[in-house]
Amino acid sequence: MKLDTERRQAMKGRLYFAGRSQKEGRIMIKTHPCARICPCDCCGFQKVDAEQYYAEMEEKLTDEFTAERNRIPLKRLGTAFVTFQDERMTAVIIQDCSRPRCRRAPQQSSVTPILHSHQWGVRYAPAPNDVIWENLAVSGPVWWVRLVALNLALFILLFFLTTPAVVVSTMDRFNVTHPVESLQNPVITQFLPTLLLWMFSVCLPFLVYYSAFLECHWTRSNENQLTMHKCYLFLVFMVIILPSLGLTSLDLFFRWLFDIHFLDSANLKFQCVFLPNNGAFFVNYVITASLIGTAMELLRIPGLTVYATRLCLAKSVPERLHVKRSQAYEFQFGLEYAWTTCVFSVVMTYSITCPIIAPFGLLYLLLKHMTDRYNIYYAYIPTKLSPSLHAAAARQLLAAPILCIFWLLFFSVLRLGSTHPVTLFTFASLLCCLLFSIFGLCLRKLRPKRPSSYQMSEQGEGIIQDTESSSISSTQQSTVFVATVLQEHELSPLASPAHLSYGALETRADSPTETSEAENLQDTYVKGTCSSEERSP
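For the sequence shown, the positions run 0 to 536 when numbering that gives the first Met the number 0 is used.
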């Protein structure tokens, strides 16, 4: 699919310069990525004919694309997508071909010994727009080895660099914050640590976030859900647990948890955990996340930085137009859910020991809701994920009251003693909450899965299309989903003038000649660019 995308871009560049060369003559361009940053001739960047450059690139990519497409039938994934006539037939197949449970024999048929259907794993397929098709090639033991290796490397990396306190303490060695502390301004000195905590807590989880892309998940919903759980777990340790206990990394946390001689040599004052200064620290953190965090999401500085960098590295006008058209990307529900649930957990955890944090938590939720609603409607392209992702985010919120009860238990043990009635009641409440959560998780795992509503509607549309196609064609053929790169008419872009419609909002398959399409290609680019920019004010 990457070759197909590059082939289309090269073809559009060739057609663009073919149309311009007929009007303006031969056009020379610099093919180096830094040619736009250094436009002068002193850099030594060689100029080549634009049309010939993109024609050679298109021919090369087309050969590679054709060779890769011919190798596709030889690569068996061990996975098949099957479309049935109605939902009832699908339920029957799911029941018959699912893996046997509790030693129940599967449904037998005449072809069972040939197909070995008793070894199949059958489940409802996700929506086609939810599948990451290029990742289907990574499956089986290779996928599991990749997953374990990436997460193991991530755990080792974050084992010693877990909290921003490590970075902040390193900065203190070089007296970076000393000029600020010398100002003796309580506003600056109180908010500087929380501002640094927020800044580094934004940067460090991106390691967890980008690791999900390297794991090659098959669906975007699973990718976002795993990102949400991993980022939330990392943020809870980084923002709530370790700073509250006065620890700086998971290394120190595990030493305190398992080393019986650690407390004899270390000086940890757990009685200072729930002092007002600690609560004020988290209040400042929620205020910083409410005001500065939501403002940064509206500015979208990382996205604008990537957009400006891609524009600077574009070699020609068609590539810059392609960058402008593809500037918008999907809303990352997994990462945003992790951030929202983390701040909600901070507010919920300290809502009893430090009640002043609750109004600022409400302020954060209101500003976060309005910011995300604006970005989803106007700044990001539409995305349709599985409803299970949103249900998992709602279930993840149950960790917040459990943390609150645990912190209340810790407070009671330190201040009232382990045998006080309040401590015993809090401990019993914590056990009840944990048992209830585990019981609910087991019930959800045992409940049979059902297709979501948007999958049913898509299957219904497929039935109508199948009926119409069978009534028109002489031979009854079923309409199945075929990726764009596997369609037969995509193979010869040089000889097919219909390929001018790539990337356009209107189909120009009926154009008489390639020359007339090349003359209109620039207008098509401009229309598509304006339409894309209207979505991102």
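Beta carbons: idealized from backbone N, C-alpha and C, even for Gly.
Residue i - partner residues in DSSP beta bridges
i, result
"Met27", "Asp48"
"Val130", "Thr218"
"Glu329", "Ile380"
Euclidean distance between Cα positions of residue i and residue j
i, j, result
"Arg394", "Gln118", "33 Å"
"Ala17", "Ala313", "19 Å"
"Glu133", "Gly416", "58 Å"
"Ile355", "Phe280", "12 Å"
"Trp217", "Ile300", "29 Å"
"Phe83", "Ala391", "29 Å"
"Met10", "Gln51", "11 Å"
"Leu153", "Val147", "10 Å"
"Leu234", "Leu157", "12 Å"
"Thr111", "Ile93", "15 Å"
"Leu60", "Cys33", "23 Å"
"Leu114", "Met0", "31 Å"
"Glu335", "Met227", "8 Å"
"Glu55", "Arg13", "9 Å"
"Ala427", "Phe205", "38 Å"
"Arg446", "Val130", "24 Å"
"Ile375", "Pro386", "17 Å"
"Glu86", "Cys96", "15 Å"
"Gln45", "Cys202", "39 Å"
"Thr304", "Ile380", "18 Å"
"Phe435", "Pro140", "35 Å"
"Lys444", "Asp62", "48 Å"
"Glu67", "Cys215", "20 Å"
"Phe236", "Ile401", "14 Å"
"Tyr208", "Val121", "30 Å"
"Glu57", "Gly24", "21 Å"
"Ala288", "Lys229", "20 Å"
"Leu366", "Ala357", "14 Å"
"Ile71", "Leu2", "14 Å"
Buried or exposed by the 16-neighbour rule on C-beta atoms within 10 Å, applied to residue i
i, result
"Gly360", "buried"
"Leu320", "buried"
"His419", "exposed"
"Val567", "Residue coverage of the chain in this structure runs from 0 to 536, which leaves residue 567 outside it and unanswerable."
"Gln326", "buried"
"Asn128", "exposed"
"Asn69", "exposed"
"Asp343", "For the sequence presented, residue 343 should be read as Phe rather than Asp. It counts as buried."
"Arg6", "buried"
"Ile404", "buried"
"Lys242", "First, the amino acid is wrong: residue 242 is Pro here, not Lys. Buried, since its Cβ has 16 or more Cβ neighbours within 10 Å."
"Phe64", "buried"
"Pro511", "Confidence at Pro511 is low in this model, with a pLDDT of 38, below 50, so its placement is unreliable and the value that follows should be read with caution. Exposed, because fewer than 16 other Cβ atoms sit within 10 Å of the Cβ of Pro511."
"Tyr377", "exposed"
"Ile539", "This structure cannot settle anything about residue 539, because the visible part of the chain is limited to 0 through 536."
"Val345", "buried"
"Ser109", "exposed"
Nearest residue (CA-CA) to residue i, options the options
i, options, result
"Tyr123", "His228, Thr226, Phe80", "Phe80"
"Pro317", "Pro420, Ala54, Gln8", "Gln8"
"Ile291", "Tyr363, Ala327, Gly139", "Tyr363"
"Leu384", "Lys29, Arg70, Ala126, Phe83", "Ala126"
"Ala136", "Gln107, Gly77, Ser116", "Gly77"
"Cys341", "Ala399, Leu366, Arg309", "Ala399"
"Tyr231", "Trp338, Leu14, Leu213, Ala378", "Trp338"
"Thr30", "Glu335, Glu222, Cys311", "Cys311"
"Thr382", "Asn283, Leu407, Glu329", "Glu329"
"Gln224", "Ile155, Leu388, Val305, Lys74", "Leu388"
"Ser315", "Val47, Pro242, Gly302", "Val47"
"Val282", "His368, Ala378, Met347, Val141", "Met347"
"Phe212", "Leu241, Gly278, Trp142", "Trp142"
"Leu423", "Leu407, Phe435, Phe438", "Leu407"
"Val238", "Leu430, Lys367, Ser108, Gly278", "Gly278"
"Thr308", "Leu73, Arg35, Cys215, Pro358", "Arg35"
"Phe332", "Ser350, His368, Tyr306, Tyr349", "His368"
"Arg75", "Ser138, Tyr349, Leu2, Leu396", "Ser138"
"Leu397", "Thr4, Leu429, Leu413, Ala378", "Leu429"
Chain-order list of residues whose beta-carbon lies under 8 Å from that of residue i (same chain, five-residue window excluded)
i, result
"Val144", "none"
"Ser20", "Ile26, Ala49, Glu50"
"Thr370", "Thr293, Glu296, Leu297"
"Arg372", "none"
Same chain only: Cβ atoms within 7 Å of residue i, ignoring 5 sequence neighbours per side
i, result
"Val421", "Ser411, Leu415"
"Lys22", "none"
Any non-hydrogen atom of the ligand SAH within 8 Å of residue i CB
i, result
"Val137", "This structure does not include the ligand SAH; it has no bound ligands of any sort."
CB contact check: residue i to chain D, cutoff 9 Å
i, result
"Tyr376", "No chain D is present in this structure, which holds just one protein chain."
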